[in-house]
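Mapping of the sequence shown onto this note's numbering: residues 195 to 474, in sequence order. Yeah, the Cβ is synthetic: ideal placement off N, Cα and C, and Gly gets one too. Below: the structure, in structure tokens.
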Amino acid sequence: MSPRDKPRRGHVTGADNVIYANFGRTTRVTETPRPGDARKKTASVSPVARRLGEGVAELAEEGRRKRGRAYADNGNVLSVVVDRDRITGTVAGSQNDPFTVTVGLAYRSAEDLQEAIRVLAVDPRGIDAVRRGSIPDGVLDVLLCADAGELRFHCTCPDPTPVCKHSVAVARVASEKFDAGPHLLYALRGVDPVSVQRSMSGAVAERGETAAVSSEEFWGGGQLPPLPDPAVAPLIDDTDPEKLADALFAASYTRIEARAGVADITELYHHLTRGTRSST
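Now the structure itself:
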């Protein structure tokens, strides 16, 4: 290359110009993301997160699931709000304005919700289970969804598929929110956590009172029957004189002395018990 052909320092060449025809050309990005751009990954283990993840896995195809997880892990999800009967999120995508994702839930009547709360209240371990995020399957069917068919995804992006990558990303971040705060499941159905706690505490107190009454009845017992009034019978009459004579013969010289001892013991017994029998 001649000196004339070499680009001067600070001179803009054709390669540096913006050419609209180049838009759409595939270019490999080699820039390393800055620290803090990517969102810290957390494992979802709660039943709520697992149920939501299973619904997404059933409705979204594999490629969009993979790209949606990458969006979530790279911090593209700008916000996630849990509201009554829906989860709403915004995702930064390929356009200037973020896309809005809505995850709608199937309708539940007030009777359905009350029954779910009742199931939690009657379980002695219900309070601790809810605090740990361990929701029974039957309650989860009511408060979240019974199957993937009860989840309705909608996104403002142009992707016509039922579940796009932005929806997958929002569901992933929402799952982590449910892991961190199991009480959000109540907000998802407009249920007041305080009333749920009160109902569960009342059921526990009622079970405690029932147990206390049962324990008192067990240890205190009921009305005892009257004691029997048997006839008085001399104990000496129920003894065997021959065996008593044999026992005395070991300490006597003759059998006659042993039998005399039996007679003396019988007389002494009647003398000692005569006063007792007369008093009864």
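Going by DSSP, which residues form a beta bridge with His348? Beta-bridge pairing links His348 to Thr296.
For Val274, which of helix, strand or coil comes out of DSSP? If DSSP states are grouped into helix, strand and coil, Val274 belongs with the strands.
contact_flag[the stretch 333 to 344, the stretch 292 to 310] where n(CB pairs < 8 Å) is 3 or more: These segments touch.
Does the Cβ of Gly384 have 16 or more other Cβ atoms within 10 Å, making it buried, or fewer, making it exposed? With fewer than 16 other Cβ atoms within 10 Å, it is exposed.
Alpha carbon to alpha carbon, how far is Thr221 from Ala365? Any reading at Thr221 is ruled out, since the residue's pLDDT is 37, under 50, leaving its predicted position unreliable.
Beta carbon of Ala342 nearer than 8 Å to that of Glu255: Not closer than 8 Å, so no.
Could you have a look at Ile281 and say whether DSSP puts it in helix, strand or coil? In the structure shown, Ile281 falls within a strand segment according to DSSP collapsed to helix, strand and coil.
Distance, Cα to Cα, Ile153 vs Ile430? Any answer about residue 153 is impossible in this case: the structure gives the chain only from 195 up to 474.
By DSSP, does Leu442 sit in helix, in strand, or in coil? Helix.
On the three-state DSSP scale, how would you describe Pro420? Assignment of Pro420 by DSSP, reduced to helix, strand and coil, places it in the coil class.
Does the pairing of the stretch 369 to 377 with the stretch 242 to 252 give three or more beta-carbon distances under 8 Å? With a cut-off of 8 Å, the stretch 242 to 252 and the stretch 369 to 377 count as touching, because enough Cβ pairs lie within range.
Going by the beta-carbon positions, is the gap between Ile310 and Val333 smaller than 8 Å? Note that residue 310 is Ala in the sequence shown here, rather than Ile. Yes.
Alpha carbons only, please: which of Ser328, Ala452, Tyr447 and Pro356 is nearest the one belonging to Glu436? If we check each option's Cα against that of Glu436, Ala452 comes out closest.
Run through DSSP, which three-state label would Glu252 get? Glu252 falls in the helix class under three-state DSSP.
Under three-state DSSP, which class holds Asp432? Residue state, collapsed to three classes: helix.
Using only the alpha-carbon positions, how far apart do Ala315 and Gln308 sit? Separation of Ala315 and Gln308 (C-alpha to C-alpha, rounded to the nearest whole angstrom) is 10 Å.
Between Gly230 and the rest of its own chain, which residues show a CB-CB distance below 6 Å, the 5 nearest in sequence each way excluded? Low per-residue confidence applies at Gly230: pLDDT is 37, beneath 50, and the placement is therefore not dependable, though the value from the model is reported in the following sentence. Cβ-Cβ distances below 6 Å link Gly230 to nothing in the same chain once the five nearest sequence neighbours on each side are left out.
What did DSSP end up calling Arg245 once you bin it into helix, strand or coil? It is helical.
Cutting at 7 Å between CB atoms, please list the residues of its own chain near Pro292, excluding the five before and the five after it. These residues qualify, in order along the chain: Leu272, Thr284, Val285 and Ala286.
Please report the straight-line C-alpha distance between Ala445 and Ala439, rounded to a whole angstrom. Straight-line Cα distance between these residues: approximately 10 Å.
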